[in-house]
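Asker: So for the sequence shown, my numbering puts the first residue at -18; every next one is plus one. We put the CB at the ideal spot given by N, CA and C, even for glycine. Since this is a predicted model, take the numbers as computed values, not measurements.
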Amino acid sequence: MNDHGEPFPAPVPHALPSQEAVAERPIVERSHAQTSGQRDRTYRRSLAVSDAVAMVTALVFSIAIVGGQTPRATALLALPLLTVMIKSIGLYDRDELLLRKTTLDEAPQLFHVATVIALVSSFLDNQIVFGDLANTTIFALWVSSFLSLLLFRYTARSIVTARVAVERCLVLGAEATAEDVEVKLGSTHAVSAHVVDRISFVPGQVEALIPRLERAISEGGIERVIVAPEQVDQSEILDVVRAIKAVGVNVTLVPRIFEVLGSSVVFDDLSGMQLLAMRRLRMSRSSLLLKRCLDLAVSGTGLLCISPVLFAFALAIKLDTRGSVFFRQTRVGRDGERFQILKFRTMVADAESQKDELRGDNETEGLFKIAGDPRVTRVGRLLRKTSLDELPQLINVFKGDMSLVGPRPLVVDEDSQVVGWHRRRLALTPGMTGQWQILGSAKIPLHEMVKIDYLYVTTWSFWTDLKILIRTIPYVLRGGGL
């Protein structure tokens, strides 16, 4: 907010200030704006309060409601124990480092915290209640503490994000990089930040750059600097980062190497020298078996439970328009093998023959996507909006042609555009959903999608699949489609 209580104007995409404009701009007063340190403290304190409320809720639910017992006053010692545990694993200091503050990424650590609480409670049950804790009570405490921590932390972050000012960022790098960062900030869920300024990072001019950068931070009320160097010496980057940290704002570095390696690397220490150990691209047999077991369990159970629904949709399609119930299309699967993907038919019977006539209305680079496609039927419009047309793909998953989570299955002509190292995306079985889907499959051009798929392959983990499945649910409920 400015001195008159008015919000700062939202940034215009792809309209960042030039270097000349940066040098000539007037000083911006932000006496009422939220500083970076204040924002970070607000997040930390809110999370601490939410954790305490979550612990009290879990204790009351498990002991009083499930166990039917009266807790002792000493049960409240769980609150400082919880705070110390969460602080020790860095979950209170995590938000100030991140632009994308998400609770789901903390689930593994919070699961460990809940497990420790349950184990300690089982050993010290006489200090928690009058009598002994039953196994069902301990199990209820374990589950309720984990779920409560997730729920209350998510709620606390949502409230704080809605109340604090949007984080003002400066990109130190090329104009194209700054524009890309601005677009990503605007399109990524759980991010409350925008780019308000940019300065070029010219090699060999660090001594002149640092004073100018400090002035831009002070005058523009900058709270985070995103450093995106291109062919700059490492010592110069270190000098700039030290100067930014000395001013007291947050720093985010864009390391180009991770565009190829992904985030699934292990840091190693060799007598003070930091090394990056890269995991192999292909999954181990045990990982493939684990992934396949999840696919079989979910697809098999799902097909049995929703078979009446599938029959009802099939009948509605048949009554609406002529043609088959299912739409079959050749897609490229794992290792380049082709298969027939199944969907409920949502278009008229001769939709493929009309594709060339509508190619001029295509809205996505490399893929064929049209909002309000005239070939879609009445029933098909409902099925697409709710993503229910994708349900027959559970048959593909059960057969092994597809997985629940994986790279997007491309049609043959789209796959022919994928060349070079991007073809490593085919090392995994294509999925019903994936990173491409929760980011908005209809809005991502092909070259971005194959890079996302490649990074998914290089960073796969069982927890990654679970997170994507969980995040797919709200995306579909919002009408994002698959």
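Could you tell me which of Thr414, Leu407 and Pro355 sits nearest to Leu369, measuring between CA atoms?
Answerer: Leu369 has its Cα closest to that of Thr414, out of Thr414, Leu407 and Pro355.
Asker: Per DSSP, Lys324 is paired with what?
Answerer: Answer is Phe308.
Asker: Thinking C-alpha only, which one of Arg193, Trp441, Gln418 and Pro426 is nearest Arg459?
Answerer: Comparing Cα positions, the closest option is Gln418.
Asker: May I ask you to report which of helix, strand or coil DSSP gives Arg53?
Answerer: Of the three classes helix, strand and coil, the one that applies to Arg53 here is coil, per DSSP.
Asker: Have a look at Leu128 and Lys68 and give me their C-alpha separation to the nearest angstrom.
Answerer: C-alpha separation (whole angstroms): 19 Å.
Asker: Within the region 182 to 213, note down every full alpha helix (DSSP H) run reaching 4 residues or more, in order along the chain.
Answerer: Segments of the alpha helix (DSSP H) lying fully in the region 182 to 213: 187 to 201.
Asker: Span of the beta strand (DSSP E) holding Ala174?
Answerer: Element bounds for Ala174: Ala174 to Ile180.
Asker: Just how far apart, CA to CA, sit Arg149 and Val187?
Answerer: Using only the alpha carbons, I get a separation of about 23 Å.
Asker: Beta-carbon within less than 7 Å of Val431's beta-carbon, same chain only, minus the 5 sequence neighbours each way: which residues are those?
Answerer: Cβ neighbours of Val431 beyond the five flanking positions: Val399, His403 and Arg406.
Asker: Answer yes if the region 433 to 448 comes into contact with the region 263 to 281, meaning at least three C-beta pairs across the two stretches below 8 Å, and no otherwise.
Answerer: In short, these stretches touch, since the Cβ pair count reaches three.
Asker: So Leu40 and Pro52 are supposed to be a Cβ contact under 8 Å. How far apart are they, rounded?
Answerer: Going by Cβ atoms, the distance from Leu40 to Pro52 rounds to 6 Å, so yes, they are a contact pair.
Asker: Going by beta carbon distance, what residues of the same chain come within less than 7 Å of Pro464, once the five residues before and after it are set aside?
Answerer: What is shown of the chain runs -18 to 463, which leaves residue 464 out entirely.
Asker: Can you confirm whether the region 155 to 170 touches the region 190 to 203 when touching is taken to mean that 3 or more C-beta pairs between the two stretches lie within less than 8 Å?
Answerer: Contact fails: fewer than three Cβ-Cβ distances are below 8 Å.
Asker: Taking the C-alpha atoms as reference points, what is the distance between Asp32 and Ala157?
Answerer: Looking at the two C-alpha atoms, the distance is approximately 41 Å.
Asker: Please return the same chain residues whose Cβ sits closer than 6 Å to the Cβ of Thr55, not counting the five positions on each side in sequence.
Answerer: Closer than 6 Å at Cβ, skipping near neighbours: Gln108.
Asker: Would you grab the beta carbon distance between Arg326 and Val357 for me? Rounded to a whole angstrom, and I think it's under 8 Å.
Answerer: The pair is not a contact, with the Cβ atoms about 10 Å apart (cut-off 8 Å).
Asker: In chain order, which alpha helix (DSSP H) runs of at least 4 residues are fully inside the region 114 to 175?
Answerer: Listed in chain order, the complete alpha helix (DSSP H) runs (minimum 4 residues) inside the region 114 to 175 are 116 to 144 and 156 to 168.
Asker: Considering only C-alpha positions, which residue in the set Leu447, Asp382 and Met328 is nearest to Arg365?
Answerer: Cα-wise, what sits closest to Arg365 is Met328.
Asker: Could you give the distance in angstroms between the alpha-carbon of Thr142 and the alpha-carbon of Tyr73?
Answerer: Distance between the alpha carbons of Thr142 and Tyr73 is about 15 Å.
Asker: Give me the Cβ distance between Leu131 and Ala174, rounded to the nearest whole Å; I'm assuming they're in contact under 8 Å.
Answerer: The pair is not a contact, with the Cβ atoms about 24 Å apart (cut-off 8 Å).
Asker: Out of curiosity, what's the CA-to-CA distance linking Leu391 and Arg319?
Answerer: Taking the straight line joining both Cα atoms gives about 10 Å.
Asker: Which residues bound the alpha helix (DSSP H) around Gly280?
Answerer: Here residue 280 turns out to be Ser, not Gly, going by the sequence shown. Counting along the chain, the alpha helix (DSSP H) containing Ser280 begins and ends at Arg266 to Asp301.
Asker: What are the boundary residues of the beta strand (DSSP E) that includes Val47?
Answerer: That residue, Val47, is in no beta strand (DSSP E); it is neither H nor E in DSSP.
Asker: To the nearest angstrom, how far is the alpha carbon of Ile119 from that of Val279?
Answerer: Near 28 Å, if we compare the C-alpha coordinates of Val279 and Ile119.
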